[in-house]
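First to last, the protein sequences are chains V and G.
Sequential numbering from 0 applies to the first sequence in numbering that gives the first Met the number 0.
Sequential numbering from 0 applies to the second sequence in numbering that gives the first Met the number 0.
Take a look at the structure below.
Number of protein chains: 2
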Amino acid sequence: MSNIAESTAKKLDRVFNPRSVAVVGDKQAIGYMWLRSLSHFKGKVYSVQIDPNELPGIAELGVENYPNLMDIPGPVDYVIASVPRAVSPKIVEDCIQKKVGGACFFTSGFAETGTEEGIRLQQVITDLASKAGLNLIGPNCVGLYNPEIGLRHTEAQAYGEAGSVGFIAQSGTQATLFSLMGQHHGIKVSKSVSYGNAVVLDSTDFLEYLGADDKTRIIGMYIEGVKDGRRFLNCLREVASRKPVLIWKGGETEAGARATASHTGSLAESGVVWQAAIKQCGAIRVETLDEMIDAIKTLLYVKTGIGTRLGLIAMSGGQSVAVTDTFAKAGLEIPLLTNASYQRLASFFDIIGGSYRNPLDISSTFFMAANGVSNLVSMLDVLDQDPNIDCIALELFPAARPLSHDPEAKDPVLGAVSDFTEKTGKPFVVIVPEVYSEALASEARERLMERGIASFSSFARAAKTLKKLADYYQFRKEQSQGKGDG
Amino acid sequence: MSNIAESTAKKLDRVFNPRSVAVVGDKQAIGYMWLRSLSHFKGKVYSVQIDPNELPGIAELGVENYPNLMDIPGPVDYVIASVPRAVSPKIVEDCIQKKVGGACFFTSGFAETGTEEGIRLQQVITDLASKAGLNLIGPNCVGLYNPEIGLRHTEAQAYGEAGSVGFIAQSGTQATLFSLMGQHHGIKVSKSVSYGNAVVLDSTDFLEYLGADDKTRIIGMYIEGVKDGRRFLNCLREVASRKPVLIWKGGETEAGARATASHTGSLAESGVVWQAAIKQCGAIRVETLDEMIDAIKTLLYVKTGIGTRLGLIAMSGGQSVAVTDTFAKAGLEIPLLTNASYQRLASFFDIIGGSYRNPLDISSTFFMAANGVSNLVSMLDVLDQDPNIDCIALELFPAARPLSHDPEAKDPVLGAVSDFTEKTGKPFVVIVPEVYSEALASEARERLMERGIASFSSFARAAKTLKKLADYYQFRKEQSQGKGDG
């Protein structure tokens, strides 16, 4: 990495790992959301507030209040400013004078509003911070999340444990949603940042930082626009060669681009340019938060080297036609198995009432038979051994009774699926559609997740994700083979 | 309708509304699923079984057993046959002799297996039934569902109430899934049928029947192939001119077509031919069961005349960029509002911290303010009055506390949304994404559904559905305007 990148990373280390945080301007009207979000912060929390009406509420939370940032006795590593926009320049000046590690401005109403006053104020704080080298995050953002030390931006976020996934989001909503939804999909955040209008620190700075962060194995990004396209792409190429980087570009459409202007004031490049650049840099393009979560879950829990030739086991034939269509539309193959595989299947699998080309059909009464589970194990093994198959997907309907919550409990189907996941050398996923109830299906997916098994709520989501990652692994393979040529 | 159609409808009336049902060959190995499924049937249920080992289990269910169909004292309107395939010809002969209203063969192992014996047996039962005019449904299917009289094919299906949606599925799995998943989306079945290999009665017969059925306002179909394409398309065009018909074609891809051959033995036409035919007939094409359910839910609960110009209210700006992209990618417009609308918005809506082009952003703290709900009401009213807007979508995050289960309870947001749904002249949908938990979101969607408000779990699903129905209403409008020309 370049010296500049190293120094950026060093500069940001203090603010991503603060030992003291000051919240400026938290108030009753927003439920003291900032001070509350820090209720489990492993360090000092200070409040800065001059409105006498707010002081009792702050005292009730047990937080020391000071009328001014300057008055805080010790050093302040991270400032969260939630103040009227007109006050922002004064707070930036205080941050500079106090030599804080960095400051996030939740305050909005700047260039994104398109108003003269908003644009002017944004310029003032940009100039002040740039000149002084202040690590300004935002404005118009929710800033940092570091679960290990309890630095959060909403009380609903998990804390206490360091995950392995970094997230960089221009939008605070997307940063929040990713951390909350990710919890249900086995995705734990290492560090994340929402950076709004990006007047000083931009996506590239954060990508450099998380690229160099050993705890961060995978990086997801939600971007509306970047300031220095060339610098961003160089950084992306370098980081993506070492760890998976997933990019969701907000404002890909013309209408979406108009919305970004009023959201973070970003000038959006065209979707096509972005798509080509993401691909050339070896990053993974996603188009929604669901796709982001599905792809990261698969990177975390499914064996690498996903290929395009799927072996499928589906519940009942009608479903298996639909499944085949879905995978084929996504650009995957569902090839015939070898003759040896069909011979093995014929030795135990009753052709009447099911079919076993590919997908292999299992009827809804499959598990009622005494040898249902052992037949499933054999079928999985056939796919595992078959050289025509790269990757295995199994559909399970959640049984009328929920799968057991106790990981030790001996649910025979769950046990068989768990054992297979351990044993197989091939990428393997489970699909649990919402059949009898959403609640049952989502519970079943959580039980699978507890055992480290990636599952999806629909074939369409599984197919799209597997294709995306097959392309990614193919690209990486070509890159590593072609390394000598470059 | 033609005389033939009328006579088909008359012929099928008895079997769709049986007063007596006989199950032939139900057994312990499949948990007596057929007799159990009839536990709430409003009529006589008989069993036909000769295996002495099965008789105690049948007696335990309180069902009269006879060794032969002929021995049943009264008339039998509907037979469900779950027998070894080799016995099928004998049972078909018995049905003919007993003059039953119709018979569904759950038995599989016929032409769909590609085996010589399977093909031969299928020909035998086809010839027998055709010659005698027996209403044979299947084989390789689960047959009829008529909730009003408790005629079901699985115990999990609802009973006691007649819905308004008919469903015709070549696959038993899809018929079952539709009825079960539909329950969570406010979709109640009038009558449904799964018809498998379609050797005697085919999709067209059922389409004619449900087309003429007054209780059936909307018809969904899952088709793998049809025997007489011309007859099918003529019938489809006629029925679709009177009520919405949605078609999901299984086996659209080459791989999927291969799977249909081994599922119901259907010869699949190419996807492109189907797509064109569905469109020309004025039916609605869907590609998955989720799309089927979303579109039917919208037909049931959203005002007709959906147009392409959307007015959106989204929670927070980052989301609103993503939302705009999603709707634009689906082919919908998110136009600017009129100046009059922006003036009205400016009178109560704080531009700082939100934006109000389109989408209108409401932040996550929006409802914390005392006037949050009344501002939402005003915003909805602005969109309702704006001539640039055809159709309104509102994003709601489920609150940390669940929405109230009691429809009378005064949840202010839910109340405002309910009132608006009543009042507005424009199509209106709600999006409730899975943020804090799947359980909370699905509960919120159920609360909305109880009040007759259509909601979706993602913007992508809402956008795809609205575009599909906008196209449909546009087609119907053009058809009715052009009627005089034809």
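For glycine and all other residues, C-beta sits at the position ideal for the given N, C-alpha and C.
Under the three-state DSSP convention, the category residue i falls into
i	result
residue 7 of chain V	helix
residue 86 of chain V	helix
residue 111 of chain G	helix
residue 473 of chain V	helix
residue 310 of chain G	strand
residue 519 of chain V	Missing from the structure shown is residue 519 of chain V; chain V here goes from 0 to 485 and no further.
residue 456 of chain G	coil
residue 422 of chain G	helix
residue 81 of chain G	coil
residue 104 of chain V	strand
residue 487 of chain V	Any answer about residue 487 of chain V is impossible in this case: the structure gives chain V only from 0 up to 485.
residue 158 of chain V	coil
residue 227 of chain G	coil
residue 461 of chain V	helix
residue 356 of chain V	coil
residue 300 of chain G	helix
residue 559 of chain V	Residue 559 of chain V falls outside the range modelled here, since chain V spans only 0 to 485, and no answer is possible.
residue 144 of chain V	strand
residue 35 of chain G	helix
residue 240 of chain G	coil
residue 199 of chain G	coil
residue 150 of chain V	strand
residue 305 of chain G	coil
residue 322 of chain G	helix
Beta-carbon gap between residue i and residue j smaller than 8 Å
i	j	result
residue 166 of chain V	residue 198 of chain V	no
residue 393 of chain G	residue 416 of chain G	yes
residue 88 of chain V	residue 47 of chain V	no
residue 488 of chain V	residue 161 of chain V	One cannot answer for residue 488 of chain V here, as it falls past the ends of chain V, which runs 0 to 485.
residue 133 of chain V	residue 104 of chain V	no
residue 388 of chain G	residue 446 of chain G	no
residue 295 of chain V	residue 426 of chain V	no
Contacts of residue i in chain G (Cβ-Cβ under 8 Å)
i	result
residue 318 of chain V	170, 172, 173, 176
residue 433 of chain V	180, 183
Partner residues on chain G for residue i, Cβ-Cβ distance less than 7 Å
i	result
residue 255 of chain V	320, 323, 324, 327
residue 457 of chain V	289
residue 333 of chain V	254
residue 448 of chain V	Within 7 Å Cβ-Cβ: nothing; residue 448 of chain V doesn't reach chain G, min ~12 Å.
residue 163 of chain V	By Cβ distance, chain G contributes nothing, its closest Cβ being about 22 Å from residue 163 of chain V, past 7 Å.
residue 437 of chain V	183, 437, 441
For residue i, the residue or residues it bridges with in DSSP
i	result
residue 64 of chain G	G/46
residue 219 of chain G	G/166, G/245
residue 57 of chain G	The partner list for residue 57 of chain G (beta bridge, DSSP) is empty, contrary to what the question assumes.
residue 209 of chain G	Residue 209 of chain G is not bridged to any residue.
residue 193 of chain G	G/142, G/168
residue 428 of chain V	V/392
residue 19 of chain V	V/43
residue 135 of chain G	G/102
residue 284 of chain V	V/246
Within chain V, partners of residue i - CB distance below 7 Å
i	result
residue 250 of chain G	320, 324
residue 223 of chain G	320
Chain-ordered chain V contacts of residue i [CB-CB under 8 Å]
i	result
residue 358 of chain G	258
residue 392 of chain G	Going along chain V, no residue has its Cβ under 8 Å from residue 392 of chain G, so there is no contact; the nearest lies around 14 Å.
Beta-carbon neighbours of residue i, restricted to chain V and to distances below 9 Å
i	result
residue 275 of chain G	Those within 9 Å of residue 275 of chain G in chain V number zero; the least Cβ separation is about 18 Å.
Original post:
Given 8 Å as the limit, is there contact between the region 11-19 of chain G and the region 61-78 of chain G, that is, 3 or more CB pairs closer than that?
Top reply: yes
Subject >> the region 46-61 of chain G contacting the region 101-119 of chain G, beta-carbon criterion three pairs below 8 Å >> reply: no
Subject >> Cβ contact check for the region 215-233 of chain V and the region 32-45 of chain V: 3 or more pairs under 8 Å >> reply: no
**OP:** Tell me, please, whether the region 285-305 of chain V touches the region 136-151 of chain V by the rule of three or more beta-carbon pairs shorter than 8 Å.
**Re:** no
Subject >> contact_flag[the region 268-279 of chain V, the region 228-248 of chain V] where n(CB pairs < 8 Å) is 3 or more >> reply: yes
**OP:** Examine the Cβ distances between the region 206-224 of chain V and the region 232-251 of chain V and report whether three or more of them are shorter than 8 Å.
**Re:** yes
**OP:** Count the C-beta pairs between the region 369-379 of chain V and the region 415-430 of chain V that are closer than 8 Å, then say yes if the count reaches three, no if not.
**Re:** yes
Original post:
Can at least three beta-carbon pairs, one atom from the region 317-328 of chain V and one from the region 207-214 of chain V, be found at a separation below 8 Å?
Top reply: no
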